[in-house]
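Asker: Numbering (numbering that gives the first Met the number 0), first residue to last: 0 to 481. For glycine and all other residues, C-beta sits at the position ideal for the given N, C-alpha and C. None of these values were measured; they are calculated from a predicted model.
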Amino acid sequence: MSQQGVTPQSEDFSRWYTDVVQKADLADYSPVRGCMIIKPYGYELWEGVKGGLDYRFKATGHQNAYFPLFIPESFLKKEAEHVEGFSPELAVVTIGGGKELEEPLVVRPTSETIIGWAFQKWIQSHRDLPMLINQWANVVRWELRTRLFLRTMEFLWQEGHTAHATHEESNAETMQMLDVYTDFAVNDAAIPVIPGRKSNQERFAGALFSYSIEAMMRDGKALQAGTSHDLGQNFARAFDIQFTDDNNELQYCWTTSWGVSTRMVGAIVMTHGDDQGLRLPPKMAPIQVVVVPIFRKEEEQAPVMEAVTRLAAELRGAGVRVRVDDRDNLSPGFKFNDWEMRGVPLRMEVGPKDVANNTVALARRDIPGKAGKSFVAQDGLAATVVALLDEIQASLLQQATEFRDSHLHEVGSYDELVNIVRNDEWALAWFCGGAACEAKVKEDTSATSRNFPMHQPHPGETGKCAICGGDATEMAYFAKAY
RNA sequence: CGGGGUGUGGCGCAGUUGGCUAGCGCGCUGCGUUUGGGACGCAGAGGUCCCGGGUUCAAGUCCCGGCACCCCGACCA
């Protein structure tokens with residue numbers, strides 16, 4: 000059961016976040032440092048993410064499979080950059096069944112290696128391509144500093160792995176999945192993400208190019224909410240993934256990988272939440288409409304409950320996820336606050352007045368206070384509610400977009416960049432992509448480049464790197480990141 | 001691994017220069033009254049005061065040593 004309020008966002012965003020996650024019953028701490036227990040309400044939210052992504056994966060021709068949790072340690076070492084990037088955060092099993100293992104087993108931090116091994120077995124001919132696989136799984140990374148949903152030692156995610164005959168095709172796949180993530184984030188999670196290419200410094204260990212969708216949280220920090228990697232032939236060479244082309248020549252495949260994790264749940268919380276707690280976009284909300292019955296006298300109960308039951312059934316019939324809060328030990332006022340904290344988009348109150356007038360009261364979560372509350376007719380309620388949920392979905396996206404755009408500035412000089420970024424806003428600047436420049440920004444501000452956005456603000460133009468003054472062909476976002 | 005903070009019923013906390021039966025609010029259980037913005041009464045249950053040493057007639061409180069967790073940095077989806 001949730002209690003009382005949460006720390007205001009403006010006072011302490013970090014505390015606000017951990018308060019909300021726990022009080023809204025999304026997650027709890029575990030007995031093991033850095034791990035989390037995902038509670039039913041939080042897991043339903045994750046299931047919403049899964050559902051929204053999974054059908055998009057299938058619509059783009061991918062199939063789900065499952066690969067083992069344990070990976071031979073030697074596999075990780077086959078790709079030089081990959082092992083270098085991941086070895087500091089590996090959990091390794093050295094004892095099994097009471098005996099020391101001949102070869103230690105790594106608990107997967109990601110599955111490029113074991114899936115590469117499988118692809119090598121499965122792919123012989125160009126007719127076997129493209130190979131389009133996704134898996135829903137847990138992975139483990141021994142993180143130094145963790146945060147509920149945003150970074151835990153074990154987390155849930157999906158990882159797509161594909162193999163193609165040409166770089167053109169694998170590149171197209173990489174971009175397609177970046178688009179899929181963007182579409183999901185914007186249209187389902189109502190998060191106005193910015194898709195773009197990572198700098199070489201921020202690239203995935205072993206990738207040719209990494210792409211990301213970057214989201215702005217309400218404290219101005221950036222959160223990488225999804226990644227799509229063009230792995231080139233790096234893993235194909237390391238795992239010998241070869242096929243015979245139509246000229247009977249042996250070729251290495253071109254592979255990709257792409258992932259979204261339970262971090263997305265954190266992104267939803269930190270994009271939409273306010274001082275009252277969560278605000279969930281209707282498409283993601285486990286409960287879209289909560290019905291609070293109100294009656295003062297015994298004799299009012301039956302007619303109110305009759306209306307509640309009837310209307311709830313009508314809404315369910317229209318495909319709306321409805322929860323009737325019939326807990327009899329709590330006052331309506333308590334329930335209002337409770338469900339607001341849990342982010343339910345729409346609250347419906349049904350009381351004696353409504354029974355008499357053939358109305359219900361609807362209160363929108365996206366518009367606080369009296370302004371968001373109105374009385375509407377019971378006739379045609381399902382249509383009213385469905386339309387209102389669409390409106391709330393759009394309104395949350397609009398609010399988040401306006402917030403983002405007002406905290407994002409194109410800068411012309413390094414001083415400007417530094418000032419903007421130190422102020423927890425995003426700077427859009429010409430950037431040469433150089434490691435030295437990136438390091439300087441990090442040194443001076445602790446911010447990093449987020450990405451080179453796919454939609455460049457000045458297409459076709461070039462400029463001078465805001466950091467070193469050298470030639471730059473693209474602009475990049477810089478921001479502090481989670 | 002550095003810096004800061006916190007460990008006392010389920011949660012949030014108080015507990016003075018060591019002192020007597022360890023308190024308060026919320027929650028929980030039962031009964032009754034309540035219910036349009038966080039209800040109320042009555043009666044209950046619930047504690048190795050993070051762990052281990054030490055000082056003392058006496059330790060939640062003082063000393064030493066551990067451990068855990070949270071927040072801020074370095075590493076990262």
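Give the secondary structure of Ala-189 by DSSP, where H, G and I count as helix, E and B as strand, and everything else as coil.
Answerer: Coil.
Asker: On the DSSP letters alone, give me the boundaries of the alpha helix (DSSP H) that Pro-103 sits inside.
Answerer: Note, Pro-103: premise wrong, no alpha helix (DSSP H); beta strand (DSSP E) at 98-106.
Asker: Which runs of the beta strand (DSSP E), 3 residues or longer, sit entirely within the segment 274-338?
Answerer: You should have 288-292 and 321-323.
Asker: Could you give the first and the last residue of the continuous alpha helix (DSSP H) run that contains Ser-209?
Answerer: That residue, Ser-209, is in no alpha helix (DSSP H); its beta strand (DSSP E) goes 208-215.
Asker: Taking 8 Å as the cut-off, decide whether the C-beta atoms of Ser-445 and Lys-479 are in contact.
Answerer: In this structure, Lys-479 lies closer than 8 Å to Ser-445 by Cβ.
Asker: Using DSSP bridges, identify the partner residues of Met-404.
Answerer: A small correction: the amino acid at residue 404 is Asp; Met does not occupy that position in the sequence shown. Answer by DSSP bridge pairing: none, since Asp-404 is not bridged.
Asker: Less than 6 Å between C-beta atoms, sequence neighbours within five positions excluded: which residues of the same chain meet that for Asp-239?
Answerer: For Asp-239, where only same-chain residues beyond five positions count, the Cβ hits under 6 Å are Gln-119.
Asker: Whole angstroms are fine: how far does the CA of Ile-419 sit from the CA of Ile-466?
Answerer: One C-alpha to the other measures close to 14 Å.
Asker: Taking Thr-383 as the reference, which of Glu-437, His-125 and Glu-313 has the closest Cα?
Answerer: Checking every option, the nearest Cα to that of Thr-383 belongs to Glu-313.
Asker: Cα separation between Ala-206 and Cys-252?
Answerer: Approximately 14 Å between the Cα atoms of the pair.
Asker: Which residues share a DSSP beta bridge with Gly-258?
Answerer: Paired residue(s): Glu-158 and Thr-226.
Asker: Rounding to the nearest angstrom, what Cα-Cα distance links Asn-450 and Arg-55 in this structure?
Answerer: Taking the straight line joining both Cα atoms gives about 24 Å.
Asker: Measure the C-alpha to C-alpha separation of Val-410 and Ala-426 and round it to an integer number of angstroms.
Answerer: Cα to Cα, the separation comes out at about 6 Å.
Asker: Count the other C-beta atoms from every protein chain shown that fall within 10 angstroms of the C-beta of Asp-11, then say buried if there are 16 or more, exposed otherwise.
Answerer: Its Cβ having fewer than 16 others within 10 Å, Asp-11 is exposed.
Asker: Does the Cβ of Leu-329 have 16 or more other Cβ atoms within 10 Å, making it buried, or fewer, making it exposed?
Answerer: So Leu-329 ends up on the exposed side.
Asker: What is the DSSP secondary structure of Leu-89, reduced to helix, strand or coil?
Answerer: Coil.
Asker: For Gln-2, name the three-state secondary structure that DSSP assigns.
Answerer: Any answer about Gln-2 is weak, because its pLDDT of 46 lies below 50 and its placement is not dependable; what the coordinates show is given next. Correct three-state label for Gln-2: coil.
Asker: What number of angstroms, rounded off, separates the C-alpha of Leu-104 from the C-alpha of Asn-186?
Answerer: Cα to Cα, Leu-104 sits roughly 40 Å from Asn-186.
Asker: Assign His-61 to one of three DSSP states: helix, strand, or coil.
Answerer: Here His-61 sits in coil by DSSP.
Asker: Taking the DSSP output, what are the residues bridged to Val-138?
Answerer: Phe-154.
Asker: For Met-0, which residues of its own chain have a beta-carbon under 6 Å away from its beta-carbon, when the five flanking residues on both sides are left out?
Answerer: Caution applies to Met-0, whose pLDDT of 33 falls short of 50 and renders its modelled position unreliable; the model cannot decide the point.
Asker: One question on the structure: do Ala-164 and His-228 come within less than 8 Å of each other, judged by their Cβ atoms?
Answerer: No. Outside cutoff.
Asker: Please name the residue or residues paired with Glu-348 in a DSSP beta bridge.
Answerer: According to DSSP, which records beta bridges pairwise, Glu-348 is partnered with Val-291 and Ala-360.
Asker: In terms of alpha-carbon separation, which member of Met-304, Phe-477, Leu-277 and Gln-157 lies closest to Val-417?
Answerer: Here the closest residue by C-alpha is Phe-477.
Asker: Would you call the CB atoms of Ser-260 and Phe-154 closer than 8 Å?
Answerer: Contact: yes.
Asker: Could you tell me which residues DSSP pairs with Arg-146 in its beta bridges?
Answerer: According to DSSP, Arg-146 bridges with Arg-150.
Asker: Quick one: is Pro-30 buried, meaning 16 or more other Cβ sit within 10 Å of its Cβ, or exposed?
Answerer: Exposed: under 16 other Cβ atoms inside 10 Å.
Asker: What residue does the beta strand (DSSP E) around Asn-418 start on, and which one ends it?
Answerer: Run containing Asn-418: none in the beta strand (DSSP E); it sits in the alpha helix (DSSP H), 413-421.
Asker: Would you tell me roughly how many angstroms separate the C-alpha atoms of Ala-311 and Asn-356, rounded to the nearest one?
Answerer: Roughly 18 Å between the two C-alpha positions.
Asker: Using the Cα positions of Arg-278 and Ala-224, report the straight-line distance between them to the nearest angstrom.
Answerer: Rounded to the nearest angstrom, the two C-alpha atoms are 18 Å apart.
Asker: Tell me the DSSP bridge mates of Trp-15?
Answerer: Answer by DSSP bridge pairing: none, since Trp-15 is not bridged.
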